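Residue numbers (the numbering used here), protein chains in the order written: chain H, 1 to 566; chain U, 567 to 1132.
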């Protein structure tokens, strides 16, 4: 249970700041992450990793020569924002392109994905490899849909070594993807963890039992079982991993990872049995690691990871590296990096804008004012709805994001920005401050919508409708949700369709919007399922029957609020 | 809570074996410990550390170039046996003498102390430095009586660096002692740990509170307090440590240590506040470490350690080292050590013995038979008495130790050993198998008693009585207990005095022994105190009122058993 906290809201940032103070010889703190503080050769591919906080040494502890160039850190168990990913990447990039590595979670896929698009637009060659090692989370024929757990460590080790060796980005990407394809993990949990500031654990495991395949954020596993002796647990882990052994695979990098409160001595006892079983199956264990490499705060449990080596992968697995938590081979003679002009916290600079477009921006700022009022009023109700199926923080996140967006757009208006630029910075501010998946979605939504506007002219009705379509397409493409997944998309698709139809039928924007808002409200209500759903946390799945999706509800609320102002 | 266990009885040994399999590039397993597997220069001082298991990386994780040469590992939270200490030392010694380092606990002081005497008798120069850093365990003017906690890490780091630099043993001892004199720790616990195989925690801390100064095995602290925010906790830790800041001390090696379930992110949050406070007090923090360096299984809590540096100490604190858990500076180019003839598990070789002495040995073997019967019968009752003030394992330990001693003496008799040698190996077997303080005491008692006998002649009555006095003196000198401490000594002192008086009064050995046994029984009963006692675990202190000391009771039982056979 987390006990050492000042303010739960700033816990993750305070932890990262404290980490950076200790390990200044490895890292330099930037907002939302850390980058290497030692000199990196110009033109080297930057390996940049990240995800939610609460998994130390993932991810900041991996930064150093031979492994990662930077790490992005979100709030506890929540994806970093798009802006944070982009910011850390800009700070770390050395001209050789960027390989982004992270575990396969919706929020991370979205935020890293959107950040990658933004960086590519700036001319940086960005590649993405998501780690998908958790065999409990999807069947073998869908391995790219699996979640990423302790396999992060071995995949990033290989990626970092390939980049350190001076390979070009195509090769680094290929090798990293190859490493992920050959990495398999399986874990068990004995007990839950407690988020900073919470008084109750995030989940519990019944006394005397273990949850097989439970995820590192408490995602549901395969089944519960009675706790077994160490040698039987070893059999369970080894057999599960060997079931997907590639043909001809013999040599393996192996990681036995503790989740936080399952301690070293227990892992060593287990290791004795695991190694014996692997050897009996003809596996040559190469430079194994046993310890805490991807934790989940103080969760009790462990996982076994195997990376099936070939000559190339073995070379990079064994290559030297030197990070706060992991040294291998000869250490590096490092020099402090030259001081770089900070790319943190720059006030946005706006290009010239016509007075008509500036007037449109003022109009958008007024809409943001109304959205903040509506979301503040609805905050508790949105949280209540979200709590049936999620963390219950949706109302808080929406209010926080909209408030940040309003501040940003008013500043932009004051600085003379046009409609396009003003809405774009509002979206960025929303994503950066709200956090989580819904923050990223709304940031993307606003920014994509803004691309239908310009800074030269006032926006027309047609621009607004075109913007809606662009926003929907981007949200679906980058967010990965489809209609029926019980997300905001379920309400957004009919909204945009209704808007387009009504406008084509010759209605005014105001009337079309009002009609579409009504459609949107109905669709949001229809997200309340009538039967149990698969996926996500078990007791919650049942409790969510008959309750609509909070994201769809807030979209309908915002659509309705805007309708009243048009 | 410990969940990954095969057999609780062999947990510590299995953990050490698993550890050795992973870290074969650093260590080689010997019975009861690990020694460096890399070549060490002949003549280098060997720094050998140890204590109970359950504190990883203490102590096996400290073995490697620049730090320790070997580590001895007892059962969970229990001192290694004298034989284990001696065995590991013999395996590691390179001709330069041995510095033994361990935390100040009665069992360790006894076992390492007796082992040191034995090694000195073999011609090895052995020095002892006990670590006494826990400011909560004794006042400042009695700092050498304090317990050793996370200060172990910093003191052993300095000791290892001094030895690696090639200093001679006088200098290594002086510097290590100096480091200990300038090392201060203070800790808090939020929750207890669970021993392998136990279903309940060793102790608990009431929800919402923290125990200030609680020891790493659950020894009582100073007081309980409500849990406070991280910055207030930082003040508490820093103020307590600074209260004993030596005059003029400015530069400090600092360690913020997690006990097991208080995780990295929490420690990083706390570190930010701790470092700020230290800097505000004019302390220059030098190469701080934050993480898990001395754990207590899955105990929740943390401690702050400060080693006040001078030029010499700073040099050794910053010197390179390379161990399984801690790398600093340039790594070492190491080579595997040459294979050494094993010194494990050698069957004892006995010198020539007269038939009279061999007959005496047979008589002693018969006495051991009777002791085993009596102790087996009394095992549960002795455990029950022990449970009022201790772990409740006294009966089990005595039965196990006596059984091992009986086996050893019968083997010795079969191998033709004389009385002196036979009783000495019986004592060694007792200490090696029983574990804990009482095992060490009984091993010492038998071995010391044997020194009054010879392998040339049968023992006389006078030899038996002289042996009793030697055994008592050694137990008091090396065990450190005085009459009134509620230990076996309370019954042993009057026993030996009565034995000597009765013999001086002209009684036969049988009559003298019977008289002394009666005195011993009375004295054992008198160890049941009539009022609450200070020290040891709080709730237990009250429950132990009116119950005698289990060690004194078993001495009386054994004395009475022997009386019936004389």
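We put the CB at the ideal spot given by N, CA and C, even for glycine. Treat the numbers as computed from the prediction; the structure is a model and nothing was measured.
Query: Residue interval of the beta strand (DSSP E) (run including residue 642 (chain U)); Result: 636-642
Query: Interface flag, residue 619 (chain U) vs chain H, CB-CB below 8 Å; Result: yes
Query: Through-space distance from residue 876 (chain U) to residue 738 (chain U), alpha-carbon basis; Result: 16 Å
Query: Reduced DSSP secondary structure (H/G/I, E/B, other) of residue 360 (chain H); Result: helix
Query: Of the listed residues U:713, U:981, U:944, U:1038, nearest to residue 965 (chain U) (C-alpha basis); Result: U:944
Query: Alpha helix (DSSP H) segments (min. 4 residues) lying fully within the region 91-152 of chain H; Result: 106-121
Query: Within chain U, partners of residue 31 (chain H) - CB distance below 8 Å; Result: Going along chain U, no residue has its Cβ under 8 Å from residue 31 (chain H), so there is no contact; the nearest lies around 16 Å.
Query: Outcome for residue 542 (chain H) when other beta-carbon atoms lying within 10 angstroms are tallied against a minimum of 16; Result: Per-residue confidence for residue 542 (chain H) stands at a pLDDT of 42, beneath the threshold of 50, marking its modelled position as unreliable; the derived number appears in the next sentence. Its Cβ having fewer than 16 others within 10 Å, residue 542 (chain H) is exposed.
Query: Between the CA atoms of residue 642 (chain U) and residue 605 (chain U) - distance to the nearest angstrom; Result: 30 Å
Query: Residues sharing a beta bridge with residue 308 (chain H), DSSP; Result: H:252
Query: Range covered by the beta strand (DSSP E) that runs through residue 614 (chain U); Result: 612-619
Query: For residue 1086 (chain U), the residue or residues it bridges with in DSSP; Result: Its beta-bridge partners do not exist; DSSP assigns none.
Query: Touching by the beta-carbon criterion (3+ pairs, under 8 Å), the region 282-289 of chain H and the region 303-320 of chain H; Result: yes
Query: Sub-8 Å separation of residue 191 (chain H) and residue 67 (chain H) beta-carbons; Result: no
Query: Test: residue 6 (chain H) CB closer than 8 Å to a CB of chain U; Result: yes
Query: Three-state secondary structure assigned by DSSP to residue 321 (chain H); Result: strand
Query: Rounded C-alpha distance that separates residue 1100 (chain U) from residue 1042 (chain U); Result: Only weak support is given to the placement of residue 1100 (chain U): the predicted model assigns it a pLDDT of 38, under 50, and the value that follows is read from those uncertain coordinates. Taking the straight line from one Cα to the other gives about 21 Å.
Query: Chain H contact residues for residue 837 (chain U), given Cβ-Cβ distances below 7 Å; Result: 18, 21, 22
Query: Residue 591 (chain U) (DSSP reduced to helix, strand or coil); Result: coil
Query: Min CB distance residue 889 (chain U) to chain H below 8 Å; Result: no
Query: Span of the beta strand (DSSP E) around residue 855 (chain U); Result: 850-857
Query: Closer than 7 Å at the beta carbon, the chain U residues around residue 227 (chain H); Result: 569
Query: Near-chain U residues of the region 508-522 of chain H (beta-carbon distance less than 9 Å), N- to C-terminal order; Result: none
Query: Sequence-distant residues of its chain with Cβ nearer than 7 Å to residue 951 (chain U) (five each side left out); Result: 1113, 1114, 1116, 1119
Query: Which residues DSSP lists as bridging residue 33 (chain H), in chain order; Result: H:30, H:72
Query: Contact with chain U by residue 56 (chain H), beta-carbon distance below 8 Å; Result: yes
Query: Cβ pair count under 8 Å reaching 3, the region 595-613 of chain U against the region 224-232 of chain H; Result: no
Query: Contact set for residue 246 (chain H): own chain, Cβ-Cβ below 7 Å, skip 5 residues either direction; Result: 182, 308
Query: Residue nearest to residue 592 (chain U) in terms of C-alpha spacing, selected from U:580, U:568, U:626, U:622; Result: U:626
Query: Residue 998 (chain U) versus residue 938 (chain U): straight-line alpha-carbon distance, rounded; Result: 16 Å
Query: In DSSP terms, what residue 569 (chain H) is bridged to; Result: Here chain H comprises residues numbered 1 to 566, so residue 569 (chain H) is not present and cannot be evaluated.
Query: Beta-carbon neighbours of residue 854 (chain U), restricted to chain H and to distances below 7 Å; Result: 22
Query: Among U:762, U:628, U:752, U:589, nearest to residue 572 (chain U) - alpha-carbon criterion; Result: U:762
Query: The ligand MN heavy atom lying under 7 Å from the CB of residue 617 (chain U); Result: The model depicted lacks the ligand MN and carries no ligand whatsoever.
Query: Interface positions of the region 814-846 of chain U facing chain H (Cβ-Cβ less than 7 Å), listed along the chain; Result: 826, 827, 828, 829, 830, 831, 832, 834, 835, 836, 837, 838, 841
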